[in-house]
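Have a look at the structure below, then the notes.
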Amino acid sequence: MKTFYIKTLGCKVNRYESDGIATELINYGFKKTKTMHDAEICIINTCTVTSKAGMQSRQAIRKITNSNPSSKIIVTGCHAQIEPELIKAIENVDEIIGHNNKFHISDTINKSLPIPNSNRYNDTTFKSFKHLVKGEMTRAYLKIQDGCNSYCSYCIIPYARGKSRSMPENEIITNLKQLYLNGFNEAILTGIHIGAWGLDFTKKSTFSRLLQNIMMEKTIPRIRISSIEPNELTDDIINFAKDNTRLCDHFHIPLQSGDDEILKKMERPYNTKFFKNLIVKINKKLPRVSLGIDVIAGFPGETRDHFEKTYSFIKDLEISYLHVFPYSPRKGTKAYEFSDKVDISEIKSRCSFLRKLSNEKKNEFESKMINKNFKAVIQTKRDKKTNLLKATTSNYLSVLVKGENDLKEKIVDIIPIKWDENNKLYGIVN
Ligand code: SF4
């Protein structure tokens with residue numbers, strides 16, 4: 060039996076795709092190893108969203124080529140797609156596979172055929188894994204869309220993943236049913252630009268229509284949306300979460316800047332007034348909602364004044380946490396050519412201000428949730444430090460509770476009751 064190891068960098072879509080590659084290899088009779096040292100085949104699924112992510116991807120490749128040079132080393136993912144020449148320069152890499160062929164890795168290894176070394180993407184990058192087996196994961200990711208047509212001025216993703224493509228609705232429903240049969244109680248719908256779902260079909264559909272149809276089918280008890288653009292988070296979607304507890308009251312929304320001039324330069328299709336109204340509206344309809352937002356610090360031309368506007372804009376928003384990204388110039392994007400770059404040390408300092416603000420927002424949000432009752436999915440793995448069970452509520456609180464193993468993977472009622480000094484939330488099973 061041949062053995063393989065997969066190292067994944069980057070986003071949830073990449074993780075989902077690594078699971079897909081692994082599932083296919085296991086179906087062919089390969090065995091997955093926990094460490095790179097025991098594997099005959101090592102696959103590195105890379106990321107290119109920032110130059111740091113690209114560098115970390117190359118570091119991960121080097122670590123494997125140095126530690127296990129006799130294994131067959133295959134590199135795939137976004138960095139392999141965008142900058143294969145940087146990977147070619149690393150000794151002992153056997154194959155570089157673009158997005159087009161990443162799901163043929165199992166076929167080609169299995170049949171001992173040479174892997175087609177293409178760095179172009181097409182529709183074969185979109186694949187479902189009906190057979191996704193239940194491993195150690197409690198909540199399943201389902202990739203329903205890939206690619207993006209928006210070309211925001213800072214973003215390399217459309218170049219790495221191509222045009223928007225959607226999984227057909229009937230396949231999504233079948234997959235959700237299958238995931239439920241395989242023991243999952245929560246599925247996270249994921250994609251690169253999920254709000255564009257259905258717009259590529261000859262007979263166009265929309266993401267909110269898809270959600271409506273998912274809600275009508277008896278599939279998995281709980282659905283979460285991974286991330287959605289502000290202008291695509293429609294009233295319908297907010298109302299589904301209000302009227303149907305199957306859709307989690309948790310939205311992750313990219314803001315990117317709290318200054319209209321910068322948003323325009325980023326080519327984002329909304330302004331701060333729109334964003335603020337959206338956040339107010341969601342909070343009114345869903346009083347316990349968790350709202351996470353993405354923000355980029357140090358976009359070219361972002362002055363102190365622009366940054367301060369962003370900071371106070373976010374401070375005034377009723378949100379729960381931030382994901383903070385330092386701006387990273389990516390060759391091939393429009394912003395790469397902008398001349399008014401912000402100094403790296405200034406970008407770092409802006410990021411740390413925003414991360415502090417994120418902690419404040421998180422504490423503020425969690426303090427409001429103490430002593431309230433929630434439905435939560437109990438995770439498969441216990442908390443390493445305390446050995447308590449980990450419960451994830453529909454509004455994305457992570458709460459540690461006492462309980463026996465038979466609660467694992469079930470949906471139970473819990474009540475968060477206190478924090479500790481490490482900002483961990485503790486609760487009881489109700
Ligand atoms: S940031 Fe813009 S271009 Fe990049 S994936 Fe999102 S919508 Fe598409």
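Numbering of the sequence shown is given in my numbering, commencing with residue 60 and proceeding in unit increments. Each residue gets a CB set at the ideal place from its N, CA and C atoms; glycine is no exception.
Output needed for residue i: all residues of its chain with C-beta closer than 7 Å, excluding positions within five of it in sequence on either side, in chain order.
i, result
"V152", "I120, T124, I132, V134 and I146"
"S77", "I65, T67 and N104"
"N178", "Because the pLDDT at N178 is just 38, under 50, the model does not fix this residue reliably, and the point stays unresolved."
"K420", "I378, S379, Y380 and L381"
"K483", "L459"
"E150", "T124"
"L84", "F63 and S165"
Using a Cβ-Cβ cut-off of 8 Å (strictly less than) and excluding sequence neighbours within five positions of residue i, which residues of its own chain qualify?
i, result
"N272", "E228 and I232"
"C106", "L68, G69, C70, N73, A112, G113, Q115, S116, G136, C137 and H138"
"L337", "P289, L292 and I312"
Whose C-alpha, out of the options, is nearest the C-alpha of residue i?
i, options, result
"S349", "I297, K393, L322 and S371", "I297"
"S267", "K277, L248 and T278", "L248"
"K111", "N446, K434 and P385", "P385"
"I282", "R198, S457, V488 and M60", "R198"
"C214", "E396, K483 and S411", "E396"
"L30", "F358, K431 and N160", "In the structure as shown, the chain begins at 60 and stops at 489. Residue 30 is therefore absent and cannot be evaluated."
"L413", "S316, N446 and F333", "S316"
"L466", "T445, Q438 and P475", "Q438"
"L270", "N303, L240 and N446", "N303"
"K469", "K427, K222 and A435", "A435"
"W478", "N241, S264 and S457", "S457"
"S129", "R220, T109 and A98", "A98"
"C211", "M196, T278, A246 and K393", "K393"
Grab the span of the beta strand (DSSP E) containing residue i for me, first residue to last.
i, result
"D308", "No beta strand (DSSP E) holds D308; DSSP gives it neither H nor E."
"R281", "R281 to I284"
"C137", "Segment C137 to I141 is the alpha helix (DSSP H) holding C137; no beta strand (DSSP E) there."
"A450", "L448 to T452"
"L459", "S457 to V460"
Which residues does DSSP pair with residue i in a beta bridge?
i, result
"I429", "Answer by DSSP bridge pairing: none, since I429 is not bridged."
"F384", "I355"
"A199", "A246"
"F63", "K91 and I100"
"V488", "I473"
"Q204", "S225"
Can you tell me where the alpha helix (DSSP H) holding residue i begins and where it ends?
i, result
"V72", "K71 to N86"
"Q339", "According to the sequence as given, residue 339 is Val; it is not Gln. That run of the alpha helix (DSSP H) goes T331 to K344."
"L270", "F266 to M275"
"G113", "S110 to S126"
"S398", "First-last for S398: undefined, no H or E at that position."
"S130", "S130 -> no alpha helix (DSSP H), and no H or E assigned at all."
"P217", "I216 to R220"
"L322", "D319 to M325"
Whose C-beta lies closer than 6 Å to the C-beta of residue i among residues of the same chain, with five residues either side of it excluded?
i, result
"H311", "S286 and G351"
"P313", "D353"
"N422", "none"
#### Entry: Contact set, ligand 1 heavy atom to C-beta under 7 Å
Applying a distance threshold of 7 Å between residue Cβ atoms and the heavy atoms of ligand 1 selects C207, S209, Y210, C211, C214, I216, P217, I251, H252, E288 and P313, given in chain order.
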